[in-house]
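Residue numbers (UniProt numbering), protein chains in the order written: chain A, 1 to 536; chain B, 1 to 306; chain C, 1 to 290. Virtual Cβ for every residue (Gly too), placed ideally from N, Cα, C. Just so it is clear, the structure is predicted and the values come from calculations on it, not from any experiment. The next block holds one structure in the form of structure tokens; read it before the comments.
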Amino acid sequence: MVTKKHRTAKTLISLLILATALAACSSGNKESNTSEGSTNAPQSTNKGTDAAEVKKPVTIKMFNRVNAEIVLKDNPVIAEVEKIANVKLEIEAPPINNYVDKLQVLMASGDLPDVIYNWGTAGNGADANMEKWAQNGLLEPLDDKIANYPNLMKNITPDMWNAVKSVNDGKTYIIPRTNAVNHWGYMINQQWLDKVSLQAPTTLDELTNVCEAFTEQDPDGNGQKDTYCLSFSGPDLGRNTIWNASNFLTAAFGLPVVDGVKDADGTYKIREKMSGYIPYLTYLKKLNDEKLIDPEFLINKIYVDQEKLNQNRVGIIYAHQSTVLGNISKDPESDKKYTYHGVLKDANGVAADWVTPAMWGGWMIPKDSKNVDDVLAFLDWGNTAEANALFQLGVKGVTFDSYDPATKAISRTDEQTTKLSTLTSSYMTPANAINGEGASIVNATTTERIELYKSQLDAALGQMTIVNVPAVRAPKIASLNSTIPDLMKKKDDNEIKFITGTITEQQFKAFLEKEWYPGTADAEAEYVTFMNSLGN
Amino acid sequence: MFATSSKKTFRYLNKKKFLYLLLLPGIIYFLVFNYVPMYGVIIAFKDFNFAKGIWNSAWIGFENFRYMFGLSDFYTVFWNSLYLSFLKLVIGFPFPIILALFLNEMRNRTYQKITQTIIYLPHFISWVVIGGILVNFLSPSWGVLNLFLKSLGIESIFFLADNDYFRPLVVLSSIWKDSGWESIIYLAAIASINSELYEAASIDGASRLQRLWSITIPSIKSTIIILLILRLGHIMNNGFEQIFVLQNPMNLGVSEVFETYAYRVGILGGRFSFGATVGLFTSVIGLIFLLVSNRIAKLMKEDGIW
Amino acid sequence: MNIRSSGDKLFDIINYACLTLFAIACLFPFFYVAAFSVTPYNEYLANPLKLIPNKLEFSAYTQIFKMDQLWIGYRNTIIITVLGVCINIFLMIITAYPLSKRDLKGRGFALVLITFTMFFNGGLIPNFYLIKSLDLYNTLWSLVLPNALGAYNLLLMKNFIGNIPPSLEESASIDGANELRILFRIIVPLSKPAIATFVIFHAVTQWNTFFNAIIYTSKRDLWPLMLIVRDMVVDSGGVAKDVMDAGTSGVTEFTIKMAIIIFSTLPIILVYPFMQKYFMKGILVGSIKG
Numbered sequence: 001m002v003t004k005k006h007r008t009a010k011t012l013i014s015l016l017i018l019a020t021a022l023a024a025c026s027s028g029n030k031e032s033n034t035s036e037g038s039t040n041a042p043q044s045t046n047k048g049t050d051a052a053e054v055k056k057p058v059t060i061k062m063f064n065r066v067n068a069e070i071v072l073k074d075n076p077v078i079a080e081v082e083k084i085a086n087v088k089l090e091i092e093a094p095p096i097n098n099y100v101d102k103l104q105v106l107m108a109s110g111d112l113p114d115v116i117y118n119w120g121t122a123g124n125g126a127d128a129n130m131e132k133w134a135q136n137g138l139l140e141p142l143d144d145k146i147a148n149y150p151n152l153m154k155n156i157t158p159d160m161w162n163a164v165k166s167v168n169d170g171k172t173y174i175i176p177r178t179n180a181v182n183h184w185g186y187m188i189n190q191q192w193l194d195k196v197s198l199q200a201p202t203t204l205d206e207l208t209n210v211c212e213a214f215t216e217q218d219p220d221g222n223g224q225k226d227t228y229c230l231s232f233s234g235p236d237l238g239r240n241t242i243w244n245a246s247n248f249l250t251a252a253f254g255l256p257v258v259d260g261v262k263d264a265d266g267t268y269k270i271r272e273k274m275s276g277y278i279p280y281l282t283y284l285k286k287l288n289d290e291k292l293i294d295p296e297f298l299i300n301k302i303y304v305d306q307e308k309l310n311q312n313r314v315g316i317i318y319a320h321q322s323t324v325l326g327n328i329s330k331d332p333e334s335d336k337k338y339t340y341h342g343v344l345k346d347a348n349g350v351a352a353d354w355v356t357p358a359m360w361g362g363w364m365i366p367k368d369s370k371n372v373d374d375v376l377a378f379l380d381w382g383n384t385a386e387a388n389a390l391f392q393l394g395v396k397g398v399t400f401d402s403y404d405p406a407t408k409a410i411s412r413t414d415e416q417t418t419k420l421s422t423l424t425s426s427y428m429t430p431a432n433a434i435n436g437e438g439a440s441i442v443n444a445t446t447t448e449r450i451e452l453y454k455s456q457l458d459a460a461l462g463q464m465t466i467v468n469v470p471a472v473r474a475p476k477i478a479s480l481n482s483t484i485p486d487l488m489k490k491k492d493d494n495e496i497k498f499i500t501g502t503i504t505e506q507q508f509k510a511f512l513e514k515e516w517y518p519g520t521a522d523a524e525a526e527y528v529t530f531m532n533s534l535g536n
Numbered sequence: 001m002f003a004t005s006s007k008k009t010f011r012y013l014n015k016k017k018f019l020y021l022l023l024l025p026g027i028i029y030f031l032v033f034n035y036v037p038m039y040g041v042i043i044a045f046k047d048f049n050f051a052k053g054i055w056n057s058a059w060i061g062f063e064n065f066r067y068m069f070g071l072s073d074f075y076t077v078f079w080n081s082l083y084l085s086f087l088k089l090v091i092g093f094p095f096p097i098i099l100a101l102f103l104n105e106m107r108n109r110t111y112q113k114i115t116q117t118i119i120y121l122p123h124f125i126s127w128v129v130i131g132g133i134l135v136n137f138l139s140p141s142w143g144v145l146n147l148f149l150k151s152l153g154i155e156s157i158f159f160l161a162d163n164d165y166f167r168p169l170v171v172l173s174s175i176w177k178d179s180g181w182e183s184i185i186y187l188a189a190i191a192s193i194n195s196e197l198y199e200a201a202s203i204d205g206a207s208r209l210q211r212l213w214s215i216t217i218p219s220i221k222s223t224i225i226i227l228l229i230l231r232l233g234h235i236m237n238n239g240f241e242q243i244f245v246l247q248n249p250m251n252l253g254v255s256e257v258f259e260t261y262a263y264r265v266g267i268l269g270g271r272f273s274f275g276a277t278v279g280l281f282t283s284v285i286g287l288i289f290l291l292v293s294n295r296i297a298k299l300m301k302e303d304g305i306w
Numbered sequence: 001m002n003i004r005s006s007g008d009k010l011f012d013i014i015n016y017a018c019l020t021l022f023a024i025a026c027l028f029p030f031f032y033v034a035a036f037s038v039t040p041y042n043e044y045l046a047n048p049l050k051l052i053p054n055k056l057e058f059s060a061y062t063q064i065f066k067m068d069q070l071w072i073g074y075r076n077t078i079i080i081t082v083l084g085v086c087i088n089i090f091l092m093i094i095t096a097y098p099l100s101k102r103d104l105k106g107r108g109f110a111l112v113l114i115t116f117t118m119f120f121n122g123g124l125i126p127n128f129y130l131i132k133s134l135d136l137y138n139t140l141w142s143l144v145l146p147n148a149l150g151a152y153n154l155l156l157m158k159n160f161i162g163n164i165p166p167s168l169e170e171s172a173s174i175d176g177a178n179e180l181r182i183l184f185r186i187i188v189p190l191s192k193p194a195i196a197t198f199v200i201f202h203a204v205t206q207w208n209t210f211f212n213a214i215i216y217t218s219k220r221d222l223w224p225l226m227l228i229v230r231d232m233v234v235d236s237g238g239v240a241k242d243v244m245d246a247g248t249s250g251v252t253e254f255t256i257k258m259a260i261i262i263f264s265t266l267p268i269i270l271v272y273p274f275m276q277k278y279f280m281k282g283i284l285v286g287s288i289k290g
């Protein structure tokens with residue numbers, strides 16, 4: 001029946017074209033047909049064929065999330081990858097903003113490619129979608145195979161492998177895409193600090209001091225009281241801003257923004273029961289009452305805090321080691337104006353640098369795929385420094401002039417920088433970091449900048465104590481947003497009301513006691529049991 | 001008997017054959033592109049399994065609906081969606097009509113054309129950008145509006161965090177962005193009016209306002225009514241992008257509507273097919289509104305949709 | 001006579017004043033985007049609402065012009081817009097005309113059938129199967145046909161045609177003209193304002209198409225302009241994206257975003273002034289005589 005309609009529709013359409021008599025139409029359609037044919041034919045005959053190469057390159061169909069500026073057709077970076085890895089890559093890459101929409105359709109379509117990227121809301125790729133696909137029998141369990149691939153085993157840590165295992169059956173369905181390890185802290189306007197003759201704060205008291213100075217002493221020198229000490233920004237609905245961008249501040253209360261860390265008394269609790277929870281909110285309330293924090297700190301959309309910093313409206317925002325240099329593309333003076341520092345010390349003088357397994361989604365292989373081994377071999381190569389550099393930096397002479405892997409110094413002409421943005425990006429990499437580091441440091445184009453980056457990172461690491469946070473594999477606490485979205489929202493709302501003074505501490509605590517704790521008791525119990533089962 | 005009736009039918013069809021022939025491609029189009037895939041609606045009653053597909057996934061009946069109605073904030077969201085949409089309708093709907101009428105009364109044609117082109121421009125700027133402008137404009141500390149209020153000695157207002165200001169802000173900003181664009185359809189309706197009517201009125205000595213009342217408005221009345229009915233059919237839709245850019249944790253109590261709710265629970269919360277459930281629910285409500293308003297229009301002897 | 005014209009004058013003054021004020025307000029967002037596309041970013045930082053730049057800087061545009069993907073997108077968008085409008089207008093006219101005949105048997109059923117499609121659709125997956133089984137996957141047709149005819153505009157078009165006085169048609173049918181002739185000789189010329197409206201509406205819809213391209217194509221050479229623009233203008237990612245963005249620094253800058261908005265919307269904005277004469281007909285006759 002469908003085919004019949006199909007034919008009728010087609011006849012109709014052809015008639016319509018005749019009626020409208022448009023030359024442009026037919027050429028458009030033809031073009032799309034020819035391009036479809038040409039992708040299957042081998043490209044780049046002028047690349048110099050290797051006589052020693054006996055094995056025929058394997059075709060790998062890859063489904064990846066790549067930013068829209070990248071042109072995939074006749075891309076010299078991909079050609080180089082194909083040559084070195086002896087593969088033929090067919091990449092389908094929906095744009096980043098709607099990647100999940102297409103991925104859902106693809107998974108339902110039954111016609112799966114050889115390797116599929118899953119981004120996941122938690123960042124590690126082993127999200128509710130992956131669990132669902134695994135449960136529905138669409139994915140190949142990889143536990144028996146991965147041990148044969150040395151680079152995978154070397155570059156992906158046991159913590160990462162653990163983090164992505166299915167919570168349902170404990171099997172591995174996804175290969176983590178490693179990412180650079182970020183040491184979160186804050187970024188501060190150094191010029192303001194110099195003006196008010198203070199040091200970058202390391203404790204809560206010092207921060208309070210700096211906050212007062214930044215707000216009262218007109219650090220930008222425009223004669224108006226129009227500056228605030230700090231601001232936050234939140235990326236998403238349903239993720240309360242104060243829990244996203246505030247590692248540097250919550251650390252002072254021994255309160256991590258991630259699950260999986262012990263409280264001061266050495267036991268595991270949900271965040272809302274930890275000893276630092278109420279004091280942290282109370283401190284935010286104080287900052288808000290005394291007008292030291294940007295009044296919009298609860299409503300800023302993503303990146304707005306950074307814009308306010310660049311606008312000389314606030315002096316401190318959350319950041320990691322690459323943010324100061326990364327900000328150069330927004331404020332050319334960034335490396336001269338701002339400095340990066342680690343998190344604040346808690347009451348015991350410990351500045352805890354909570355580090356979670358550094359992943360950025362991962363790769364899935366469909367069940368019963370014929371070339372599982374070829375895909376794994378390709379990903380294995382993708383986890384080498386050579387492959388990582390090629391994907392991140394592109395091809396010498398095309399996207400850069402020179403590169404020194406030891407110092408990560410790289411030089412590019414403006415022309416090459418523009419080329420780079422249309423040929424490759426970090427979205428293209430099979431692994432985005434080797435041993436926790438990327439192939440280059442963002443915007444570190446001069447030796448001074450590399451030095452600056454290294455000295456600030458070293459200083460921050462010297463001050464902080466790294467705490468490796470294991471992957472929390474307690475599904476209930478991770479899925480509160482879908483099981484009790486109403487209560488989650490109510491808690492966010494009550495936190496905000498407490499901070500802004502709409503409700504008292506007593507009322508807030510009453511809400512926690514009467515609604516929140518009972519509503520999350522199950523999830524809490526599961527979480528605590530899981531964490532205790534890890535030992536130590 | 002059967003023979004005569006089929007003969008009659010055949011004669012009727014033959015007489016109207018061109019009309020049916022003209023109608024055929026459109027009907028086939030809707031059948032192919034809208035009705036063939038419509039079976040997907042059943043996903044709201046199923047636990048979708050990727051391997052089994054829509055047809056073979058297990059039925060779960062009204063489970064998704066039970067979950068949705070069971071959420072304690074469901075009724076708040078329902079009220080928010082309905083109330084905001086109602087405000088947009090009452091205040092926002094007449095605005096493009098007034099614009100079109102005013103534009104039509106402009107005598108200087110060049111000025112008219114330029115004005116008309118300018119007021120349709122904001123439609124092309126996405127809500128993301130408009131939202132950014134509004135945030136800068138309304139900021140309690142640095143925003144132009146509050147600086148102005150301060151210079152008058154008035155305490156600055158935190159517009160985007162204040163529940164009282166959210167709805168007016170949404171209504172006004174959508175008028176600002178889209179009423180120029182929406183006025184195009186009314187301009188077309190006015191342009192279709194038979195100009196002899198105006199000539200007759202001029203001879204009778206009617207003033208411009210009189211002509212506006214007695215000719216222009218009655219002539220575009222059926223267009224207004226049909227647009228109103230269609231709009232009522234979308235009473236549960238508020239436009240995701242606009243609400244999303246103006247929404248923040250502080251105004252969530254009034255700003256959460258079905259579109260953002262489905263996004264939050266369905267996509268961020270990872271609850272598959274919740275979007276389909278919400279979509280089906282809002283569609284049914286919309287359809288009821290459309291049917292009732294169409295019925296009322298009919299009772300008032302106006303042209304409805306059918 | 002004198003009283004009437006002074007009343008008219010007052011009306012004119014109020015009318016011009018209101019519309020001018022509204023126009024100024026409406027010019028603001030577009031002017032804002034245009035101004036900041038040629039303003040150095042540090043000037044924006046200094047005052048995000050200052051609209052007259054001290055220094056004009058066109059480097060954002062030169063950078064955009066070098067993006068191959070945008071030019072590919074331009075080509076695709078122009079094709080699907082022109083093609084889409086032709087098919088849409090043709091289908092709308094031939095479908096709306098019979099539907100406007102109140103005495104046509106089966107009309108009510110057809111209208112219910114059509115209205116229903118505004119409320120219920122199968123969602124992504126069934127639509128994806130449909131496009132695949134029609135062999136439209138990975139062709140530009142998949143960006144044209146699925147929205148070639150929409151219930152909303154069709155019902156409006158039907159309403160417009162229904163408003164044409166039956167007397168005009170009757171005289172023609174007495175002359176022995178069949179419905180096809182009446183449609184193309186009488187109805188279409190009388191519906192020019194409506195047709196112009198739907199040309200604009202559908203051209204803008206097609207120009208802004210992006211989502212279908214994600215679902216119905218797998219090749220970047222088939223992407224329309226707005227898909228690329230949208231991906232570059234919207235920041236909807238989480239912290240992970242923030243971290244990643246540092247790697248592609250420079251391309252998501254504010255100035256480039258502004259320039260890209262202007263670059264991608266300017267051609268479609270220019271459609272309207274060319275259509276304006278069709279909205280003037282009634283006014284023209286009226287004002288000359290009045």
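Self-check item: Delimiting residues of the beta strand (DSSP E) encompassing Gly361 (chain A)
Solution: 359–364
Quiz item: Does DSSP classify Asp458 (chain A) as helix, strand or coil?
Solution: helix
Quiz item: Can you list, in chain order, the residues of the segment 120–153 of chain A whose Cβ is nearer than 8 angstroms to any Cβ on chain B?
Solution: Thr121, Asp127, Ala128, Asn129, Lys132, Trp133, Asn136, Gly137, Leu138
Quiz item: When you compare only the Cα positions, how much space is there between residue 294 (chain C) and Pro146 (chain C)?
Solution: Residue 294 (chain C) lies beyond the stretch modelled for chain C, which goes from 1 to 290, so this question has no answer here.
Quiz item: The alpha helix (DSSP H) spanning Phe63 (chain A) covers which residue range?
Solution: Not the alpha helix (DSSP H): Phe63 (chain A) falls in the beta strand (DSSP E), residues 58–63.
Quiz item: Counting only beta-carbon atoms, is Ala385 (chain A) nearer than 7 angstroms to chain B?
Solution: no
Exercise. With 7 angstroms as the threshold, decide whether the Cβ of Asn178 (chain C) is near any Cβ in chain B.
Key: yes
Quiz item: Considering only residues of the segment 254–317 of chain A, which uninterrupted alpha helix (DSSP H) runs meet the minimum length of 4 residues and lie entirely inside it, listed in chain order?
Solution: 277–289, 304–310
Practice problem: Measure the C-alpha to C-alpha separation of Asp143 (chain A) and Gly170 (chain A) and round it to an integer number of angstroms. | Solution: 10 angstroms
Quiz item: Mind checking Ser32 (chain A): buried by the 16 CB within 10 Å criterion, or exposed?
Solution: Any reading at Ser32 (chain A) is ruled out, since the residue's pLDDT is 39, under 50, leaving its predicted position unreliable.
Quiz item: Contact check, Tyr74 (chain C) vs Leu225 (chain C) under 8 angstroms by CB: the rounded distance?
Solution: 5 angstroms
Quiz item: Any idea what DSSP makes of Thr520 (chain A), helix, strand or coil?
Solution: helix
Quiz item: So which residues of chain B does Phe274 (chain C) contact, with C-beta pairs closer than 7 angstroms?
Solution: Result: empty, since nearest Cβ-Cβ is about 11 angstroms, beyond 7 angstroms.
Quiz prompt | Contacts that Phe128 (chain C) makes with chain A (C-beta to C-beta distance below 7 angstroms) | solution = Val105, Ser109
Exercise. Return the chain-ordered ranges of every alpha helix (DSSP H) run that is complete within the segment 176–238 of chain C and spans a minimum of 4 residues.
Key: 179–182, 192–207, 211–216, 225–233
Quiz item: Any Cβ of chain C within less than 7 angstroms of the Cβ of Pro94 (chain A)?
Solution: yes
Quiz item: Between Ile131 (chain C) and the rest of its own chain, which residues show a CB-CB distance below 6 angstroms, the 5 nearest in sequence each way excluded?
Solution: Tyr137, Ser142, Tyr216
Quiz item: Using 8 angstroms as the Cβ pair cut-off and three pairs as the minimum, do the segment 83–92 of chain A and the segment 394–410 of chain A touch?
Solution: no
Practice problem: Could you tell me whether the Cβ atoms of Ser232 (chain B) and Phe289 (chain B) are closer together than 7 angstroms? | Solution: Before going on, a small fix: residue 232 (chain B) reads as Leu here, not Ser. Result yes, Cβ atoms of Leu232 (chain B) and Phe289 (chain B) sit closer than 7 angstroms.
Quiz item: Can you tell which of A:Met130, A:Asp194, A:Glu212 has the C-alpha that lies nearest to the C-alpha of Lys176 (chain A)?
Solution: In the sequence as displayed, the identity of residue 176 (chain A) is Pro instead of Lys. Out of A:Met130, A:Asp194, A:Glu212, A:Met130 has the C-alpha closest to the C-alpha of Pro176 (chain A).
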